[in-house]
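**Q** If you count by this note's numbering, then the sequence shown holds residues 7 to 163, one letter each, in order.
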Amino acid sequence: MNTLARTARRNATSILHTRLPTSCTSIARKSTLTQVLSDKTAQPTGPHSQAIKANGFVFLSAQIPADREGKLISGGVKAQAEKMIENTKMVLEEAGSGLEGVVKVNLSVKDFHMVEEIDEVFGKRFFQKPARTVQQVVFMEKGADMMMDCVAVVNKE
Numbered sequence: 007m008n009t010l011a012r013t014a015r016r017n018a019t020s021i022l023h024t025r026l027p028t029s030c031t032s033i034a035r036k037s038t039l040t041q042v043l044s045d046k047t048a049q050p051t052g053p054h055s056q057a058i059k060a061n062g063f064v065f066l067s068a069q070i071p072a073d074r075e076g077k078l079i080s081g082g083v084k085a086q087a088e089k090m091i092e093n094t095k096m097v098l099e100e101a102g103s104g105l106e107g108v109v110k111v112n113l114s115v116k117d118f119h120m121v122e123e124i125d126e127v128f129g130k131r132f133f134q135k136p137a138r139t140v141q142q143v144v145f146m147e148k149g150a151d152m153m154m155d156c157v158a159v160v161n162k163e
């Protein structure tokens with residue numbers, strides 16, 4: 007075996023035996039998970055939280071354009087988007103964050119043609135332009151036309 011082949015083999019062996027730093031695996035063990043529940047929005051309909059705080063982040067469950075009693079609001083796409091974002095804001099504020107702390111949004115819509123109108127509302131509410139995924143889905147909770155979940159940083163405790 008020539009020198010180049012021996013060096014490549016030795017490097018490959020050392021890469022295979024490299025361990026992850028223990029700090030990467032201990033983060034989850036040190037984290038405190040805190041359930042977030044706002045009485046300003048509809049309560050969850052299933053066995054989940056409105057949001058969970060962990061390691062300085064808020065992980066928000068899907069919000070739909072519903073009132074405090076959980077009934078879908080009437081109105082066009084923009085009115086529904088505004089209500090959905092307002093519900094999101096209220097839960098985030100309960101968690102010590104806000105729309106300004108949002109880093110990632112997952113938006114689900116019944117019809118992709120709605121996105122242009124939703125974007126008009128998003129542009130007025132999300133100045134920092136968070137990362138976003140948009141997907142068209144067939145069915146959403148309570149027959150809603152749209153829903154969103156997000157991840158945000160905690161701004162205040």
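Ideal Cβ positions, reconstructed from N, Cα and C, are used throughout, including at glycine. All values reported here derive from a predicted model rather than from experimental measurement.
Would Val157 and Val97 be called neighbours here (beta carbons separated by less than 8 Å)?
**A** no
**Q** If you scan the segment 36-108 from start to end, which runs of the alpha helix (DSSP H) of 4 or more residues do you find wholly inside it?
**A** 83-100
**Q** Going by other Cβ atoms of all chains shown within 10 Å of its Cβ, with 16 needed for buried, is Ala94 buried or exposed?
**A** The question names Ala, yet the displayed sequence has Thr at residue 94. Buried.
**Q** Pairs of beta-carbons, one from the segment 99-117 and one from the segment 133-146, closer than 8 Å: are there three or more?
**A** yes
**Q** On the criterion of 16 or more Cβ atoms from any shown chain inside 10 Å, does Asp45 qualify as buried, or is it exposed?
**A** exposed
**Q** Inspect the CB distances between the segment 98-107 and the segment 69-81 and report whether three or more fall short of 8 Å.
**A** no
**Q** Quick one: what does DSSP say Lys110 is sitting in, helix, strand or coil?
**A** strand
**Q** According to DSSP, which residues form a beta bridge with Ala137?
**A** Beta-bridge analysis with DSSP links Ala137 to Lys110.
**Q** So, with DSSP's three-state summary, where would you put Met120?
**A** helix
**Q** Just the C-alpha distance for Met130 and Leu66, rounded to the nearest angstrom, thanks.
**A** It should be pointed out that residue 130 corresponds to Lys in this sequence rather than to Met. For Lys130 and Leu66, the distance between alpha carbons rounds to 21 Å.
**Q** Answer yes or no: do Val144 and Gly107 have a C-beta to C-beta separation smaller than 8 Å?
**A** no
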